[in-house]
Structures are given as structure tokens and as C-alpha cells.
Amino acid sequence: MMRPHSGMLGAGLYLEANGTLAPGAMRAAYGDEATMRKTWAVVTDFCIKHKSQVKLFWNDADTQKNGLMNQGVVVGQTWDGPPITLMQNGDPVQYRAPAEGSLAWVDGMSLSTAAEDIDAVYAFIDYCFAPEPAGKSIDGGGDSNWGGHGYNSAVLGADRYASGAYGKMFGTVYPGDSLANLWPWPKEPQWYADVRTEYRNKFVNA
């Protein structure tokens with residue numbers, strides 16, 4: 104089970120690990136189109152060759168959960184949230200960071216050009232990046248208080264202010280040097296997205 108373009112990137116990292124691709128090839132593919140096409144052609148051929156092992160493609164959390172619980176999926180590349188939710192519910196699912204490194208993204212903040220009180224905006228940003236509110240906003244309060252978005256925080260020390268259950272689960276699914284081995288998604292130029300879609304469609308339609 105995989106989301107096509109994410110799974111193809113994961114396959115590329117596997118091909119780096121086994122020596123088929125040079126170390127760093129998947130990141131270098133963001134540099135220019137010729138390099139990307141050379142790398143993604145190899146990845147796409149590999150994915151097409153092994154497509155029979157892919158039970159389903161997903162594009163949302165519910166599809167991931169349903170695949171694991173009801174559609175016979177044995178292993179999948181997923182977001183961490185859906186399988187962790189199943190684990191917390193006591194379902195027979197385990198989530199672990201892969202040896203090649205978990206794909207990671209960091210959400211940013213945007214500021215409207217119409218914003219008037221810039222000092223207040225930056226005070227709010229500073230507040231969001233303080234450990235206590237960052238941690239409590241994960242799952243450290245009920246709906247009447249903090250609520251909880253459920254995502255991991257990029258703020259150092261935030262885990263101290265999330266629930267004890269969150270900290271225990273986080274340590275379980277990201278053991279050892281998993282955090283040092285994260286693979287952050289680079290900034291994505293439009294040409295890259297367009298070419299990736301081309302290879303993604305070639306794989307899905309094969």
C-alpha cells in the first residue's frame with residue numbers, strides 16, 4: 104500500500120540503500136530536470152516491475168486505515184497518524200520508521216499582505232514555537248481546552264508537554280537514531296512536480 108508519488112520516492116531511497124542508485128540521488132533529482140529524469144526512470148522501472156506487490160494506492164487517512172484493517176494489506180508506506188491511531192485503539196497494527204529514513208515535512212506559516220498588526224503576528228508565531236503550547240497542542244488538552252492536532256512538533260522540548268501516552272508512543276515508533284535519519288521533503292519546483300506526475304502516471308497506468 105502506498106501513495107504513488109510518495110511510494111516511488113521511498114522506492115528510490117531503497118534503491119540508494121541497495122546500491123542501485125548513488126547515495127543522495129533522490130535529493131539530487133531536485134536540482135535539474137535532466138538529473139531527475141535519469142533517476143526517476145530507474146525508480147519507475149523498478150516500481151512497474153514490482154507493481155503486482157502493491158495491493159492498493161491511497162490518498163487519505165481513511166484509505167490507509169481501511170487497507171490495514173479490512174483489505175488485507177500486510178505492509179504499507181503511510182503517514183504516521185493513521186497507523187498510530189489504530190495502535191492506540193488496540194488494533195493489530197505496528198508502525199515503525201524504516202531503515203532508509205522516514206519522509207518528513209514541515210508545515211510553514213503564511214502572512215497576508217493585508218496584515219496590519221505585524222507585531223502581534225510575530226508574537227503569535229513566537230508563542231506557537233514555545234515548547235509548552237507546541238506540546239499541548241499535539242494532544243495535551245481536551246476539546247474544551249487545547250484540543251489536539253495530532254501531528255508531531257518540530258519544536259524542541261514540545262514532547263514534555265504532550266500527554267504521557269504520546270511520548271511513549273513516539274519513542275516506540277521512532278526508536279534509536281530514527282529522528283537523525285529523517286528525510287525532509289525539499290522545496291519542490293513546479294517543473295519537478297510536473298515531471299514527477301508524468302512518471303507517477305506511467306507507474307499507476309502500467
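Using my numbering, you'd call the opening residue of the sequence shown number 104 and step up by one each time.
Backbone N, C-alpha and C fix where the C-beta goes; we use that ideal spot for every residue, glycine too.
{"Item": "For a quick check, are the C-beta atoms of M139 and Y295 less than 8 angstroms apart?", "Value": "yes"}
{"Item": "Helix, strand or coil for L285? Go by DSSP, reduced to three states.", "Value": "coil"}
{"Item": "Would you tell me roughly how many angstroms separate the C-alpha atoms of E235 and I241, rounded to the nearest one?", "Value": "10 angstroms"}
{"Item": "So if DSSP puts M105 in a beta bridge, which residue, or which two residues, is it bridged to?", "Value": "F160"}
{"Item": "According to DSSP, simplified to helix, strand and coil, what is L214?", "Value": "coil"}
{"Item": "Does L282 pass the burial test, meaning 16 or more other C-beta atoms within 10 Å, or should it be called exposed?", "Value": "exposed"}
{"Item": "Pick out whichever of E203, M190, K154 has its Cα sitting closest to the Cα of G115.", "Value": "E203"}
{"Item": "Taking all protein chains shown into account, do 16 or more other C-beta atoms lie within 10 angstroms of the C-beta of W161, making it buried, or fewer, making it exposed?", "Value": "buried"}
{"Item": "Looking at the structure shown, is L116 part of a helix, part of a strand, or coil, going by DSSP?", "Value": "helix"}
{"Item": "How many angstroms separate the CA atom of C150 from the CA atom of M111?", "Value": "7 angstroms"}
{"Item": "Answer yes or no: do I187 and M212 have a C-beta to C-beta separation smaller than 8 angstroms?", "Value": "no"}
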